[in-house]
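For the sequence shown, the tail end lands on 470 under this note's numbering, and the numbers increase by one without skipping. By construction, the Cβ of each residue, glycine as well, lies at the ideal position given by its N, Cα and C atoms.
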Amino acid sequence: MSTIRNGRISTTSKYAKVIGVPELSLESLEREYSDDDLHSVASVSSSASTRAAEERRKISRAEGCFITKQPGYHLVRAHWVKTVQKDARLKFEVKTFLEGLGIVRQNFSLDAPPNLTPLDRNLHYALDKLGFFAVTCSKPTLQALIYLVEKENAEWQKRGGQYNRYFRFDQPLFTDAMYELVLLHPHHLLPKRGSALTVFTEHGENLSGKMYFVAPDGALRETSENDSPRLPAFPSNRTRVLEHALNPFLVLLNAEIAFRRFKRRSHPLCADYTELIDLTIDLVDKIYFKPIVDQIERRRNQDRLVYSTHKDVHIDKAVTKESAKNSRMGIVVEQPGPDASHEEIVEYHQYLMSGCDYTDEDSEDSDHDDGFDDDYN
Numbered sequence: 094m095s096t097i098r099n100g101r102i103s104t105t106s107k108y109a110k111v112i113g114v115p116e117l118s119l120e121s122l123e124r125e126y127s128d129d130d131l132h133s134v135a136s137v138s139s140s141a142s143t144r145a146a147e148e149r150r151k152i153s154r155a156e157g158c159f160i161t162k163q164p165g166y167h168l169v170r171a172h173w174v175k176t177v178q179k180d181a182r183l184k185f186e187v188k189t190f191l192e193g194l195g196i197v198r199q200n201f202s203l204d205a206p207p208n209l210t211p212l213d214r215n216l217h218y219a220l221d222k223l224g225f226f227a228v229t230c231s232k233p234t235l236q237a238l239i240y241l242v243e244k245e246n247a248e249w250q251k252r253g254g255q256y257n258r259y260f261r262f263d264q265p266l267f268t269d270a271m272y273e274l275v276l277l278h279p280h281h282l283l284p285k286r287g288s289a290l291t292v293f294t295e296h297g298e299n300l301s302g303k304m305y306f307v308a309p310d311g312a313l314r315e316t317s318e319n320d321s322p323r324l325p326a327f328p329s330n331r332t333r334v335l336e337h338a339l340n341p342f343l344v345l346l347n348a349e350i351a352f353r354r355f356k357r358r359s360h361p362l363c364a365d366y367t368e369l370i371d372l373t374i375d376l377v378d379k380i381y382f383k384p385i386v387d388q389i390e391r392r393r394n395q396d397r398l399v400y401s402t403h404k405d406v407h408i409d410k411a412v413t414k415e416s417a418k419n420s421r422m423g424i425v426v427e428q429p430g431p432d433a434s435h436e437e438i439v440e441y442h443q444y445l446m447s448g449c450d451y452t453d454e455d456s457e458d459s460d461h462d463d464g465f466d467d468d469y470n
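Structure (structure tokens):
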């Protein structure tokens, strides 16, 4: 809010608190903060889950953007899987579903580092709320994961369901997984000719940047020509301890939702992107292995019979209505009944996991934290 003081425009707004990052040789900036600012920070901290806050802080502030690799105060911590509403019951349902699929570590949390990466604010908004692009794994990583999931599915069947799929998340296939951008609406992401995305590589303590442009085929390339090299696959941050490494399965669940929505009103993409989309959908279909999903759902239905109340049903319907705009699927999916098909059950769980970091209460023109964790400042 601005006022006139001594003939000059003055404002009561204060700078955000800037915390030092020793790994980047950045000190804290001492500034004046109003009582309102301090009260606001305190209320946010007190309302947040202590465990969630502790989990998020396990990601170093020195870690660069997942895509561009550039560190800085312009980054936010992005969730790859998030519930459609901030609701403890929905979080528990998503968590137990992922654990039932066997694709997360024990004691998994949606706010833990394996489900989080720092992202440039603009890229995060374009990914999370606008759906201009998606992130999936590289072709070799996808093919290796498909082979592994098929092997685990076969073992599950061999043992008649008396088996939990076992994935060693400390192995190179997971810790060294490579990722790729798939531009779904390339000219919306970089709208003007000459617009570029700058991606950095580390050379010792220095960064070296390279610009990538949208080519006529819609791919992101070193020049605006179709025969120019595409933006190469990139790793996640390899300086994290093993238990905090990004889980590629969660990135793929996010991508598959974006790809299926894109296919409802698709337009031609370059051959490489199309292949990545098809491989991603194929892999996620195998992750949602029907016998395992059916087993999970039978257990859930038993739990619902024991614990459900009239109040719970009312809340579930209200949550669904309020969450419509917060789902990246763009549709509302009601909880399936006891005779639901495999596809209906999977679609419902995809809906629960399709929440945006940017919620429908947030202003699209705002540049604040939008309610999600951002303690880089």
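Between the CA atoms of residue j and residue i - distance to the nearest angstrom
i       : j       : result
Leu-223 : Arg-252 : 44 angstroms
Val-228 : Leu-282 : 14 angstroms
Phe-260 : Phe-342 : 11 angstroms
Glu-434 : Thr-143 : The residue you asked about is not Glu; residue 434 is Ser in the sequence shown. If I take the Cα positions, the gap works out to 39 angstroms.
Phe-159 : Leu-203 : 18 angstroms
Ser-153 : Val-174 : 20 angstroms
Val-187 : Leu-445 : 7 angstroms
Val-242 : Pro-361 : 29 angstroms
Val-111 : Glu-123 : 8 angstroms
Gly-423 : Arg-354 : 8 angstroms
Ala-205 : Ala-181 : 15 angstroms
Cys-363 : Gln-428 : 37 angstroms
Arg-314 : Lys-244 : 36 angstroms
Arg-357 : Ala-219 : 19 angstroms
Pro-328 : Ser-288 : 24 angstroms
Thr-176 : Ala-308 : 35 angstroms
Gln-199 : Gln-163 : 31 angstroms
Arg-286 : Phe-382 : 44 angstroms
Asn-215 : Ala-171 : 12 angstroms
Tyr-166 : His-217 : 14 angstroms
Tyr-451 : Gly-430 : 30 angstroms
Tyr-256 : Leu-369 : 30 angstroms
Thr-189 : Lys-232 : 29 angstroms
Asn-340 : Lys-179 : 22 angstroms
Tyr-240 : Arg-258 : 13 angstroms
Asn-208 : Asn-319 : 34 angstroms
Arg-150 : Glu-437 : 37 angstroms
Asn-394 : Val-439 : 15 angstroms
Ser-420 : Phe-201 : 22 angstroms
Glu-295 : Glu-116 : 14 angstroms
Asn-330 : Cys-230 : 14 angstroms
Val-197 : Lys-184 : 14 angstroms
Asp-365 : Ser-447 : 25 angstroms
Gly-113 : Ser-317 : 39 angstroms
Terminal residues of the alpha helix (DSSP H) in which residue i lies
i       : result
Val-377 : 364-380
Glu-156 : Counting along the chain, Glu-156 falls outside any alpha helix (DSSP H), and DSSP gives it neither H nor E.
Lys-175 : Element bounds for Lys-175: n/a, residue is neither H nor E.
Leu-238 : 232-251
Tyr-444 : 435-445
Gly-347 : According to the sequence as given, residue 347 is Asn; it is not Gly. Taken as a continuous stretch (DSSP letters only), the alpha helix (DSSP H) holding Asn-347 covers 341-357.
His-167 : Run containing His-167: none; DSSP gives neither H nor E here.
Glu-273 : Premise fails: Glu-273 lies in the beta strand (DSSP E), 271-276, not in any alpha helix (DSSP H).
Leu-282 : 279-282
Beta-carbon proximity of residue i to residue j, cut-off 8 angstroms
i       : j       : result
Val-426 : Tyr-441 : yes
Ala-237 : Leu-266 : yes
Pro-211 : Glu-147 : no
Met-271 : Thr-332 : no
Leu-335 : Thr-291 : no
Pro-279 : Gly-311 : yes
Phe-226 : Leu-168 : no
Ala-558 : Phe-262 : Since the first residue of the chain shown is 94 and the last is 470, residue 558 is not available in this structure.
Asp-221 : Cys-449 : yes
Leu-345 : Thr-373 : yes
Gly-254 : Pro-384 : yes
Phe-306 : Thr-161 : no
Gln-264 : Ile-350 : no
Continuous beta strand (DSSP E) stretch holding residue i: start and end
i       : result
Pro-429 : Pro-429 -> no beta strand (DSSP E), and no H or E assigned at all.
Asp-213 : 209-213
Gly-302 : 299-307
Phe-260 : Taken as a continuous stretch (DSSP letters only), Phe-260 belongs to no beta strand (DSSP E), as it is neither H nor E.
Contact test: residue i Cβ vs the ligand PLP heavy atom, cutoff 7 angstroms
i       : result
Gly-113 : As far as ligands go, the structure on display features none, and thus does not contain the ligand PLP.
One or two residues paired with residue i in a DSSP bridge
i       : result
Pro-328 : Met-271
Thr-291 : Met-304
Ala-181 : According to DSSP, which records beta bridges pairwise, Ala-181 is partnered with nothing at all.
Phe-225 : Partner(s): none; Phe-225 has no beta bridge.
Val-114 : Leu-119
Leu-313 : Val-307
Taking contact to mean at least 3 C-beta pairs separated by less than 8 angstroms, is the segment 192-205 in contact with the segment 383-394? Touching, per the Cβ criterion.
Would you check if there are 3 or more beta carbon pairs closer than 8 angstroms linking the segment 237-251 to the segment 313-330?
Under the Cβ criterion (8 angstroms, minimum of three pairs), the segment 237-251 does not count as touching the segment 313-330.
When the Cβ atoms of the segment 365-383 are set against those of the segment 287-305, are three or more pairs found closer than 8 angstroms?
The answer is no - the segment 287-305 does not touch the segment 365-383, with fewer than three Cβ pairs under 8 angstroms.
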